[in-house]
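*Asks:*
Chains as they are written, first to last, in the numbering used here: chain A, 133 to 244; chain B, 4 to 115.
The structure is reproduced here in structure tokens:
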């Protein structure tokens, strides 16, 4: 049973518009969440994280929102650029922080 | 990129043969992890290490063993490879359990 779910396998947006990637989790023990970006033939690259004591974290064009009551987080990319085209994984962990549980990924395509 | 080298990058072998994958880091990080990535599953943790000679199992550890005899190297061994172990294997490192993990570029393993 997947504890972290990314229900949209793919997303296509126009350059300059907002990209919103969603992630749901079921394990109430998760208290730290991360987003990774992956290009083909490369390893995942860390993008941004958020602790459960916050509901928002920003880093440049990337913002992560956390809704603990809904067990939902989202990644907003504004404005989207063609170089953002990649697979995005959300991941979660708990206070022990010895393992990440990943979602299955969402492939984002930003059209020029 | 984060001082992680995985070797080999590609390997094709036959069912029943032993296989060892190597992860080498130059960051002197305490934690090292092995994940596998399969379609529809995201990344799943196989084993991790929290220090020299200190290892623990992850979600999908059956059929795999690991060893860490020095800080910089973490080896993943498939004692008798099976076709179900065909996958892309990623190594990750982190300085401690509260920091994001950083990934190598992966090893694509095919077992025929």
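Every residue gets a Cβ at the ideal spot worked out from N, C-alpha and C, and that includes glycine.
Could you pull the start and end residues of the beta strand (DSSP E) that residue 54 of chain B belongs to?
*Replies:* As a position in the second chain, residue 54 of chain B is number 51, starting the count at 1. Per DSSP, residue 54 of chain B belongs to the beta strand (DSSP E) from 45 to 54.
*Asks:* Taking residue 179 of chain A and residue 168 of chain A to be in contact with their CB atoms under 8 angstroms, please state how far apart those CB atoms are, rounded to whole angstroms.
*Replies:* Here the question's residue 179 of chain A lines up with position 47 in the first chain. Here the question's residue 168 of chain A lines up with position 36 in the first chain. Sure, about 6 angstroms apart at Cβ, within 8 angstroms.
*Asks:* For a contact defined as C-beta to C-beta under 7 angstroms, what are the partners of residue 90 of chain B on chain A?
*Replies:* Counted from its first residue, the second chain places residue 90 of chain B at position 87. Here the premise fails: no neighbours, minimum Cβ distance about 14 angstroms.
*Asks:* Measuring CA to CA, which of A:183, A:159 and A:208 is closest to residue 235 of chain A?
*Replies:* Within the first chain, residue 235 of chain A is the residue found at index 103, counting from 1. Of the listed residues, the one whose Cα sits closest to residue 235 of chain A is A:159.
*Asks:* Helix or strand or just coil, what does DSSP make of residue 88 of chain B?
*Replies:* Start at 1 with the first residue of the second chain, and residue 88 of chain B comes out as number 85. Of the three classes helix, strand and coil, the one that applies to residue 88 of chain B here is helix, per DSSP.
*Asks:* Along chain A, in chain order, which residues have C-beta atoms closer than 7 angstroms to that of residue 104 of chain B?
*Replies:* Looking up residue 104 of chain B in the second chain gives position 101. Within chain A, the residues near residue 104 of chain B are 232.
*Asks:* Name the chain A residues that come within less than 7 angstroms of residue 54 of chain B, Cβ to Cβ?
*Replies:* Taking the first residue of the second chain as position 1, residue 54 of chain B is located at position 51. Residues of chain A passing the Cβ test: none, with the nearest at roughly 12 angstroms.
*Asks:* Counting only the same chain and skipping the five closest in sequence on each side, list residues whose C-beta sits under 6 angstroms from that of residue 166 of chain A.
*Replies:* Taking the first chain and counting its residues from 1, one reaches residue 166 of chain A at position 34. 181 and 223, listed in sequence order.
*Asks:* Under 8 angstroms, with one C-beta from each stretch per pair, do the region 92 to 99 of chain B and the region 25 to 39 of chain B reach the 3-pair mark?
*Replies:* Yes, since at least three Cβ pairs between the region 92 to 99 of chain B and the region 25 to 39 of chain B fall closer than 8 angstroms, the two stretches touch.
*Asks:* Cα separation between residue 86 of chain B and residue 40 of chain B?
*Replies:* As a first step, residue 86 of chain B is located in the second chain; it is residue number 83 there, counting from the start. As a first step, residue 40 of chain B is located in the second chain; it is residue number 37 there, counting from the start. For residue 86 of chain B and residue 40 of chain B, the distance between alpha carbons rounds to 15 angstroms.
*Asks:* Could you round the C-beta distance between residue 14 of chain B and residue 110 of chain B to whole angstroms and report it? I think they count as a contact, below 8 angstroms.
*Replies:* Residue 14 of chain B sits at position 11 when you count from the first residue of the second chain. Residue 110 of chain B sits at position 107 when you count from the first residue of the second chain. Indeed, because the Cβ distance is near 7 angstroms, the residues count as touching under 8 angstroms.
*Asks:* By the DSSP assignment, the beta strand (DSSP E) with residue 32 of chain B in it spans what residues?
*Replies:* As a first step, residue 32 of chain B must be located in the second chain, where it is residue number 29. Counting along the chain, residue 32 of chain B falls outside any beta strand (DSSP E), and DSSP gives it neither H nor E.
*Asks:* Is it buried or exposed for residue 176 of chain A, if we count other Cβ within 10 angstroms and need 16 for buried?
*Replies:* One-based indexing of the first chain puts residue 176 of chain A at position 44. So residue 176 of chain A counts as buried.
*Asks:* Three-state secondary structure (DSSP) at residue 216 of chain A?
*Replies:* As a first step, residue 216 of chain A must be located in the first chain, where it is residue number 84. Residue 216 of chain A falls in the helix class under three-state DSSP.
*Asks:* Listing by chain order, which chain B residues have their CB less than 9 angstroms from the CB of residue 174 of chain A?
*Replies:* The residue labelled residue 174 of chain A in the question sits at position 42 within the first chain. By Cβ distance, chain B contributes 4, 106, 108 and 109.
*Asks:* By DSSP's criteria, residue 14 of chain B is part of a beta bridge. Which residues make up the other side?
*Replies:* Residue mapping note: residue 14 of chain B aligns to position 11 of the second chain, counting from 1. Partner(s): B:112.
*Asks:* With a threshold of 8 angstroms between beta-carbons, can residue 153 of chain A be considered close to chain B, or not?
*Replies:* Taking the first residue of the first chain as position 1, residue 153 of chain A is located at position 21. Judged by the 8 angstroms Cβ criterion, residue 153 of chain A is not in contact with chain B.
*Asks:* Sort out for me which residues DSSP pairs residue 193 of chain A with in a bridge.
*Replies:* Residue mapping note: residue 193 of chain A aligns to position 61 of the first chain, counting from 1. Answer by DSSP bridge pairing: none, since residue 193 of chain A is not bridged.
*Asks:* Whose Cβ in chain B lies nearer than 8 angstroms to the Cβ of residue 143 of chain A?
*Replies:* For the purposes of this step, residue 143 of chain A is identified with residue 11 of the first chain, where counting begins at 1. Chain B residues near residue 143 of chain A: none, gap ~16 angstroms exceeds 8 angstroms.
*Asks:* Determine, for residue 48 of chain B, whether the minimum Cβ-Cβ distance to residues of chain A falls below 8 angstroms.
*Replies:* Here residue 48 of chain B corresponds to residue number 45 of the second chain, with the count starting at 1. Chain A contact via Cβ: present.
*Asks:* Check for me: the beta strand (DSSP E) holding residue 187 of chain A runs from which residue to which?
*Replies:* Position 55 of the first chain, counting from 1, holds the residue named residue 187 of chain A. From DSSP, residue 187 of chain A is part of no beta strand (DSSP E); its letter is neither H nor E.
*Asks:* Please classify residue 142 of chain A as buried or exposed, where buried requires at least 16 other C-beta atoms within 10 Å of its C-beta.
*Replies:* The count along the first chain starts at 1 and reaches residue 142 of chain A at position 10. By the neighbour-count rule (16 or more Cβ atoms within 10 Å), residue 142 of chain A is not buried but exposed.
*Asks:* Relative to the alpha-carbon of residue 213 of chain A, which residue among A:148, A:137 and A:196 has its alpha-carbon at the smallest distance?
*Replies:* If you number the first chain from 1, residue 213 of chain A lands on position 81. Ranking the options by Cα distance to residue 213 of chain A, first place goes to A:148.
*Asks:* Indicate the three-state DSSP secondary structure (helix, strand or coil) for residue 241 of chain A in the structure shown.
*Replies:* Taking the first chain and counting its residues from 1, one reaches residue 241 of chain A at position 109. Reduced to three states, the DSSP call for residue 241 of chain A is strand.
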